[in-house]
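Q: Mapping of the sequence shown onto our numbering: position 158 corresponds to residue 147, and the numbering continues sequentially without gaps. For each residue, glycine too, the CB sits at the ideal point set by N, CA and C.
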Amino acid sequence: WLLYILYYEPYQEHVQPIDRVALYSSGCESIPQRFLIAMTSSSPLLLLALMLAWSAPAFLLARAGAGDQGLKHIHLYMHEIFAGPNATAIVAVPSPLGANATFGVVGVLDDELRDGPDPKSSSLVGRYQGIFAGAGLVSPPGMQSAINFVFTAGEHSGSTLAMLGPVLSFTGAIERSVVGGTGAFRMARGYCVMTAAGNPTPDSIVYEVDLFVKMDYA
């Protein structure tokens, strides 16, 4: 969500223009080609979708549940719009170091949580709300995030889960820690793995979310 663009933008001046008419007319249908066209002609937020759609290996999700006896598995889909008037994820504060800097950037998110990947046929079960900030001057990226899963319907309605952690890589599934919760998830601990689900559109993307949590009432 809005992370990769913050590291790509400083290098945009070195990217050669793309002949969009020729590329479309050539009949190319691959995701990489379509998004290279889109990212040079509209919001740079499309680059996040580009990164996640290509880089989420399925084996990481399969491995995520291995050996996790005693952990509750919650499977959701996060629906994000990153362009246009209905955007649910935006860069709110640019870096004070200049337009091409990422250190100090602050963004906010208020995405939908649904029980399926199709927004038309799935049910809304909550919100994915939080902030991220550029907190790294060197590699790895150093994008820090603080996210709340706010459940508003279904089995977990009225409860929340809190997730914290950095985005350490743009080349695989993103894993972060679940550090607490409220309601049914008081004293929760665990982790979350997120990967892109299906093909992004020019202004939106869907993430598959796998939460593994344990409640500790000691």
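Please report the Cβ distance between Gly170 and Ser148, rounded to the nearest whole angstrom; I am assuming they are in contact, meaning their Cβ atoms lie under 8 Å.
A: 6 Å
Q: In whole angstroms, what separates the C-alpha of Gly105 from that of Val82?
A: 32 Å
Q: Which residue from Gly119, Ser134 and Ala162 puts its Cα closest to that of Glu101?
A: Checked all of Gly119, Ser134 and Ala162; the closest Cα to Glu101 is Gly119.
Q: Can you tell me which of His64, Ala78 and Leu60 puts its alpha carbon nearest to the alpha carbon of Ile136?
A: Ala78
Q: Taking DSSP's pairing of strands, which residues face Ser134 in a bridge?
A: Phe121 and Gly154
Q: Is the segment 62 to 71 close to the segment 176 to 193, with three or more CB pairs under 8 Å?
A: yes
Q: Could you say which of Gly172, Val127, Leu157 and Ser111 lies nearest to Phe138 if we only look at CA atoms?
A: Gly172
Q: Buried or exposed, going by whether 16 or more other CB atoms sit within 10 Å of the CB of Val95?
A: exposed
Q: Spell out the partners DSSP gives His64 in its beta bridges.
A: Asp199
Q: How about Ala124 and Gly115: are their beta carbons less than 8 Å apart?
A: no
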